[in-house]
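Asker: My questions will all concern the structure given below.
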Amino acid sequence: MKKRRSKAGETLVETLVSVLIAALAFALLSTAAVTAARINAAAREDVSFRYTAEQGKTVTVTAEGTHFGTSQKTGRRNVTLYTTDNGYQYYTDTTSSGVTP
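Mapping to the numbering used here: the sequence shown position 100 is 102, numbers consecutive.
Following this line, the structure appears as structure tokens:
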């Protein structure tokens with residue numbers, strides 16, 4: 003006697019492979035998100051600069067933050083702010099003293 007086999011459904015192996023692929027994708031994406039959050043937190047914690055000025059003006063920059071868990075450093079510096087054509091901003095130091103720990 004011939005066994006009747008349904009050809010319309012998925013087999014158990016196909017279902018398990020699909021679940022495994024979904025679990026691996028979720029694990030990789032969640033690991034990437036956690037790593038990105040840690041990198042962003044470290045960059046934010048490292049040093050944060052705040053300044054507002056026009057091109058070539060002397061401004062005061064305040065830096066606050068920790069460097070990967072080391073001591074807190076805060077200071078003020080007078081700098082000259084420059085902006086390139088593509089929007090990149092940089093500054094040059096106009097004072098001779100360092101940032102005080």
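The beta-carbon is built from N, C-alpha and C at its ideal position, and this holds for glycine as well.
If I measure Cβ to Cβ from residue 23 and keep anything under 7 angstroms in the same chain, skipping five residues before and after, which residues do I get?
Answerer: Nothing listed; no residue qualifies.
Asker: Hey, how far is the Cα of residue 14 from the Cα of residue 89?
Answerer: Approximately 57 angstroms between the Cα atoms of the pair.
Asker: Which whole-angstrom value is the C-beta distance of residue 96 and residue 80, which I expect to be below 8 angstroms?
Answerer: Residue 96 to residue 80, Cβ: 5 angstroms. Contact.
Asker: Taking the straight line between their C-alpha atoms, what separation do you get for residue 87 and residue 28?
Answerer: Taking the straight line joining both Cα atoms gives about 42 angstroms.
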